[in-house]
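Note sheet for the following structure.
2 protein chains.
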Amino acid sequence: MTNRDEFFMKRAIHLAEKGMDSNAGGPFGCVIVKDDEIVAEGFNQVTSTNDPTAHAEVVAIRNACRKLGSFQLDDCVIYTSCEPCPMCFGAIYWARPKMVYFACDKKDAAKINFDDQFIYDELDKEFENRDITFVRLLRKDALPVFNKWAEKENKTKY
Amino acid sequence: MTNRDEFFMKRAIHLAEKGMDSNAGGPFGCVIVKDDEIVAEGFNQVTSTNDPTAHAEVVAIRNACRKLGSFQLDDCVIYTSCEPCPMCFGAIYWARPKMVYFACDKKDAAKINFDDQFIYDELDKEFENRDITFVRLLRKDALPVFNKWAEKENKTKY
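Protein chains in written order, with my numbering: chain A, 1 to 158; chain B, 1001 to 1158.
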């Protein structure tokens, strides 16, 4: 951990408080850094924008990718004020930064009623036992589209 | 499964193919239905918009919430052409629809090189053993912001 790491994390924490104080959403902030410079920032905007995906990390990732003109965050470092929820964890893996620093963890989040653990637990359940029921339907109709992708020549992989 | 369920899933599969054919992104489509009517649709747009979060389900959820003016998809049903990845799974749980239908599953997706299972496996690993390293930093600086949220009076919970 360097002084720069502390600086960037304190910025993420500042954004968490700023977003909360302005009623943008919950108390979460995120900074994305490349070559020791801030590329993009984000704070939670779920309730103010009616977007349940507008968590700090997703907002920051979308901003950073737009700025970098890439769907991959090569060589970037993410500083987030709280351990990512499963949605943000997935977004981070699809974006492929090289590292993630986080401050509070999911137990801290659960204590203020952001219960990510519930979603982690649901992930491990069978489809029919989940709180939101998942049902298979028409796989035979969808498979040909997957096969068409496999055979497609002019495609951008990700 | 009703004829309407089949109709909506076929529409999601159609969107998957349409998005792929137009080079918007991967072969994934999604439809969100409320009161037996389509509220919003989405297809994967990752590579065309440089947004790694622009999976079919996330695009459709954002569109549906914007249209409904809510960050919750009460009484909505999601039809997606493929079992959601961890990111989309998290987005679905935050949006709280009543049910999810999916066609292809994550094994089908892995066969065409969309390896969600890798992310599922990473979720279960210790921070230091993950492919993307996760490191704790400055929790003591971030906790006061969480405490401020707990005590905040004029907040919109979600």
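Think of the CB as a built atom: it goes at the ideal place given N, C-alpha and C, for glycine as much as any other residue.
Checklist entry - Taking Cβ-Cβ distances shorter than 8 Å, what residues in chain A pair up with alanine 1136/B? => result Working through the second sequence from its first residue, we reach residue 1136/B at position 136. Checking the sequence shown, residue 1136/B turns out to be arginine, not alanine. Tyr101, Phe102, Ala103, Asp105, listed in chain order.
Item to check | Identity of the residues DSSP links to tyrosine 101/A by a beta bridge | outcome: Numbered from its first residue, the first sequence carries residue 101/A at position 101. Tyr79/A, Val1135/B, per the DSSP bridge assignment.
Next on the checklist: For a test of the three-state rule: what should DSSP assign to phenylalanine 1114/B, helix, strand or coil?
Outcome noted: Position 114 of the second sequence, counting from 1, holds the residue named residue 1114/B. Coil.
Next on the checklist: So, at 8 Å on beta carbons, what are the nonlocal neighbours of glutamate 122/A in its own chain, with the 5 sequence-adjacent residues on each side left out?
Outcome noted: Translated into positions along the first sequence, residue 122/A becomes position 122. A distance below 8 Å between beta-carbons, with the five flanking residues on each side excluded, links glutamate 122/A to the following residues of its chain, in chain order: Arg130, Asp131, Ile132.
Checklist entry - With a CB to CB cut of under 7 Å and the five nearest residues on each side skipped, what residues in its chain are close to glycine 1050/B? => result Translated into the one-based positions of the second sequence, residue 1050/B becomes position 50. The residue asked about is misnamed: residue 1050/B is asparagine in this sequence, not glycine. The beta carbon of asparagine 1050/B sits closer than 7 Å to none of the beta carbons in its chain outside the five residues before and after it.
Item to check | Under 9 Å from the C-beta of cysteine 65/A: neighbouring residues of chain B | outcome: As a first step, residue 65/A is located in the first sequence; it is residue number 65 there, counting from the start. The CB of cysteine 65/A comes closer than 9 Å to the CB of Thr1049, Asn1050, Asp1051, Pro1052, Thr1053 in chain B, given here in chain order.
Checklist entry - DSSP on glutamate 1126/B, reduced to helix/strand/coil? => result Translated into the one-based positions of the second sequence, residue 1126/B becomes position 126. Three-state result, glutamate 1126/B: coil.
Checklist entry - So, using beta-carbon positions, are valine 1039/B and lysine 1067/B closer together than 8 Å? => result Residue numbering aside, residue 1039/B sits at position 39 when the second sequence is read from its first letter. Residue numbering aside, residue 1067/B sits at position 67 when the second sequence is read from its first letter. Taking 8 Å as the Cβ cut-off, valine 1039/B and lysine 1067/B qualify as a contacting pair.
Checklist entry - For chain A, is any of its Cβ atoms less than 8 Å away from the one on cysteine 1030/B? => result As a first step, residue 1030/B must be located in the second sequence, where it is residue number 30. Cysteine 1030/B has a beta carbon lying at 8 Å or more from every beta carbon in chain A.
Item to check | cysteine 1085/B at chain A interface by Cβ criterion, 8 Å | outcome: For the purposes of this step, residue 1085/B is identified with residue 85 of the second sequence, where counting begins at 1. Flagged as an interface residue toward chain A: cysteine 1085/B, by a C-beta distance shorter than 8 Å.
Checklist entry - Does the beta-carbon of proline 97/A have 16 or more other beta-carbons within 10 angstroms, so that it is buried, or is it exposed? => result Translated into positions along the first sequence, residue 97/A becomes position 97. Buried: at least 16 other Cβ atoms inside 10 Å.
Item to check | Residue-chain proximity (aspartate 1141/B, chain A), Cβ-Cβ < 8 Å | outcome: Stepping through the second sequence from its first residue, residue 1141/B is reached at position 141. It does: the Cβ of aspartate 1141/B has a partner Cβ on chain A nearer than 8 Å.
Item to check | Cross-chain neighbours of arginine 160/A in chain B, by beta carbon under 7 Å | outcome: Nothing can be reported for residue 160/A: it is not among the residues displayed for chain A, which extend from 1 to 158.
Checklist entry - Which chain B residues are close to glycine 42/A, counting only those with a beta carbon under 8 Å from its beta carbon? => result Against the first sequence, residue 42/A aligns to sequence position 42. Residues of chain B passing the Cβ test: none, with the nearest at roughly 11 Å.
Item to check | Backbone secondary structure at valine 34/A - three-state DSSP | outcome: Taking the first residue of the first sequence as position 1, residue 34/A is located at position 34. For the sequence presented, residue 34/A should be read as lysine rather than valine. Lysine 34/A falls in the strand class under three-state DSSP.
Item to check | Residues near isoleucine 1061/B in its chain [Cβ-Cβ closer than 6 Å; skip 5 each side] | outcome: Counted from its first residue, the second sequence places residue 1061/B at position 61. Correct list, in chain order: Ala1091, Ala1095.
Checklist entry - By a C-beta neighbour count over all protein chains shown, 10 Å radius and 16 as the cutoff for buried, is phenylalanine 43/A buried or exposed? => result For the purposes of this step, residue 43/A is taken as the residue at position 43 of the first sequence. Buried, because 16 or more other Cβ atoms sit within 10 Å of the Cβ of phenylalanine 43/A.
Checklist entry - Which bits of chain B does valine 46/A rub up against, with CB to CB less than 7 Å? => result Sequence index remark: in the first sequence, residue 46/A carries index 46 (1-based). For the C-beta of valine 46/A, the chain B residues within less than 7 Å are, from N- to C-terminus, Phe1071, Tyr1158.
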